[in-house]
Amino acid sequence: MASLTRFSLSSSSALWRLLINRNAGLVQQHLPSMTIPSVAQQRSIATSPIRRDIDSAAKYIGAGAATVGVAGAGAGIGTVFGSLVVAYARNPSLKQQLFSYAILGFALSEAMGLFCLMMAFMLLFAF
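FYI, the numbering for the sequence shown is 1 to 127, going by full-length UniProt numbering.
Here is the structure:
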């Protein structure tokens with residue numbers, strides 16, 4: 001059994017050597033007829049400077065991060081009016097005072113949302 005295995009391994013390695021030598025000869029035969037492209041032909045893709053790409057990406061990331069504050073303002077407005085409903089259900093006699101507080105909370109939340117949106121636009125377009 002060992003001699004059979006040794007025979008098959010040695011014959012397969014000889015076969016592989018024959019195939020490799022044959023293919024190497026074919027490559028050497030056809031190598032002069034192959035055209036190698038010049039450097040100008042290889043660089044046909046237009047690229048931009050890396051620094052400008054990084055600055056542009058940073059602008060978009062900063063603008064997106066500043067826009068997240070608008071969602072926070074929306075959540076704040078919802079909380080203010082939700083609290084108005086709960087407070088009115090507990091004590092209906094304070095309707096006018098509760099409503100004025102709710103309008104004040106709405107105005108402050110909206111101001112923060114608009115401030116975040118303004119910062120996002122400044123980050124995106126000003127720099």
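A virtual CB, placed ideally from N, CA and C, is assigned to each residue, including glycine. As the structure is a computational prediction, the values presented were derived from the model and not from experiment.
In this structure, A63 lies near L123, with their beta-carbon atoms less than 7 Å apart. Straight-line measurement puts the Cα of Y101 at about 52 Å from the Cα of I50.
Where S56 is concerned, the enclosing alpha helix (DSSP H) starts and stops at 50 to 90. A58 and T67 have their C-alpha atoms spaced approximately 14 Å apart. The residue among A120, F106, M119, A111 with its C-alpha nearest the C-alpha of G78 is F106. With distances taken between CA atoms, G69 lies nearest to M112 out of M112, F121, A126, F125. Look at A102 here: in three-state DSSP terms it is helix. DSSP, read as helix, strand or coil, puts A126 in coil.
A direct Cα-to-Cα measurement between S83 and A120 gives close to 29 Å.
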